[in-house]
Amino acid sequence: MPMSYLINPRQQNLSPELIAQYRTIPSSTIGHFSDHGFLRGIKPLFNDIRMVGNVVTVKVFPPDGSVLREALLLSQPGDVLVIECVGDDECGCWGELRTLAGLIKGLAGVVVSGAVTDVSALRQHGLPVFCRNVSAYTTRGIGAQGEVNQPIRIGEVTVHPGDLVIGDDDGVYILDAGRAAELLPDLLAKEETDQRRRAEFLQKLEARRS
Numbered sequence: 284m285p286m287s288y289l290i291n292p293r294q295q296n297l298s299p300e301l302i303a304q305y306r307t308i309p310s311s312t313i314g315h316f317s318d319h320g321f322l323r324g325i326k327p328l329f330n331d332i333r334m335v336g337n338v339v340t341v342k343v344f345p346p347d348g349s350v351l352r353e354a355l356l357l358s359q360p361g362d363v364l365v366i367e368c369v370g371d372d373e374c375g376c377w378g379e380l381r382t383l384a385g386l387i388k389g390l391a392g393v394v395v396s397g398a399v400t401d402v403s404a405l406r407q408h409g410l411p412v413f414c415r416n417v418s419a420y421t422t423r424g425i426g427a428q429g430e431v432n433q434p435i436r437i438g439e440v441t442v443h444p445g446d447l448v449i450g451d452d453d454g455v456y457i458l459d460a461g462r463a464a465e466l467l468p469d470l471l472a473k474e475e476t477d478q479r480r481r482a483e484f485l486q487k488l489e490a491r492r493s
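In this text, residue positions in the sequence shown follow this note's numbering: the first is 284, and each later residue adds one.
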């Protein structure tokens, strides 16, 4: 491993029970309470997408993408790689082969503050992927520089290893463990209220159509 890599051990600050409860909560429900932790400009790569998991952070310095191998090696099932691309956000650092490796590892998804490639294959394989751009120009295995499980910056949001990430068709939120626990009761209550109102509206709509 190159000495210029900075790699910390994997962290998990959230209980499996808390993560499981967030699987029922859309990102837009979080958005009713705050924009804090919302990753502006990060979009889903395909439709009907859902991702909840423990964050493993990666800092990539394109065109050098080799540190992603180290991140994949230390990740565990249910983790989400959250990747900051420093300098060139038009150089695709994530593609089909890394997606297949991620599926074998059991990743819950990937968030790239930068570009991905092999878009058709990524959609076919179905691993949740969120990104800023797509590109045919890609990183390569230089092995000179990279970081894993260090704090990263995506837009205005600082992301730490062990944070919670929630992503779906509407976008991506990052919550630290304390914030995730604090928000949960209000989020569950709003989901319950919204589901009841949805059922009422659908009943009225059905009555109007009949």
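All residues carry an ideal CB built from backbone N, CA and C; glycine is no exception. All values reported here derive from a predicted model rather than from experimental measurement.
Nearest-angstrom Cα distance between residue i and residue j?
i	j	result
Glu-483	His-319	31 Å
Leu-471	Leu-488	26 Å
Arg-333	Arg-491	33 Å
Arg-381	Phe-316	35 Å
Arg-415	His-443	20 Å
Pro-360	Leu-410	13 Å
Gly-378	Arg-306	26 Å
Val-339	Gln-407	24 Å
Pro-345	Tyr-420	10 Å
Val-448	Val-455	7 Å
Glu-474	Ile-308	7 Å
Asp-331	Ala-303	19 Å
Lys-388	Gly-450	19 Å
Gly-424	Pro-468	45 Å
Arg-314	Asp-347	Position check: residue 314 holds Gly in this sequence, whereas Arg was assumed. Approximately 35 Å between the Cα atoms of the pair.
Thr-312	Ser-493	31 Å
Please go through the same chain and pick out, in chain order, the residues whose beta-carbon is closer than 8 Å to the beta-carbon of residue i, but skip the five residues on each side of it.
i	result
Val-343	Val-350, Leu-351, Ile-366, Glu-367, Cys-368, Val-369, Cys-376, Gly-397, Thr-422 and Gly-429
Ser-353	Per the sequence shown, the amino acid found at residue 353 is Glu instead of Ser. Result list for Glu-353: Met-284, Tyr-288, Ile-290, Gly-429 and Val-431, in chain order.
Tell me the DSSP secondary structure of residue i in three-state form.
i	result
Ile-313	helix
Glu-373	coil
Thr-340	strand
Pro-345	coil
Leu-322	coil
Asp-477	helix
Gly-397	strand
Pro-292	coil
Pro-299	helix
Gly-378	coil
Arg-333	strand
Gly-392	strand
Ile-366	strand
I'd like the list of long-range same chain contacts for residue i, defined as Cβ closer than 6 Å, with 5 residues on each side in sequence excluded.
i	result
Ala-460	Asn-296 and Leu-297
Asp-446	Val-338, Ile-457 and Asp-459
Val-395	Ile-366, Trp-377 and Cys-414
Leu-364	Val-339, Val-341, Ala-354 and Val-393
Asp-371	Pro-345
Gly-385	Leu-410
Leu-514	Outside the modelled stretch of the chain, which goes from 284 to 493, sits residue 514, for which no answer is possible.
Does the distance between the C-beta of residue i and the nearest non-hydrogen atom of the ligand FAD fall short of 7 Å?
i	result
Ala-384	With respect to the ligand FAD, the structure shown offers nothing to examine, as it has no ligands at all.
If you drop the 5 nearest sequence neighbours on each side, which residues of the same chain put their C-beta closer than 7 Å to that of residue i?
i	result
Leu-405	Leu-328, Glu-379, Thr-382, Val-399 and Val-412
Ser-418	Glu-373, Cys-374, Gly-375, Ala-398 and Thr-400
Gly-438	Leu-322, Arg-323 and Gly-324
Asp-362	Gly-336, Asn-337, Val-339, Leu-390 and Ala-391
Gln-486	none
Thr-441	Pro-434
### Message
Ignoring anything shorter than 3 residues, give me the beta strand (DSSP E) runs that lie fully in the stretch 406-467, in order along the chain.
### Response
412-417, 429-431, 435-437, 440-442, 447-451 and 454-458, all fully within the stretch 406-467.
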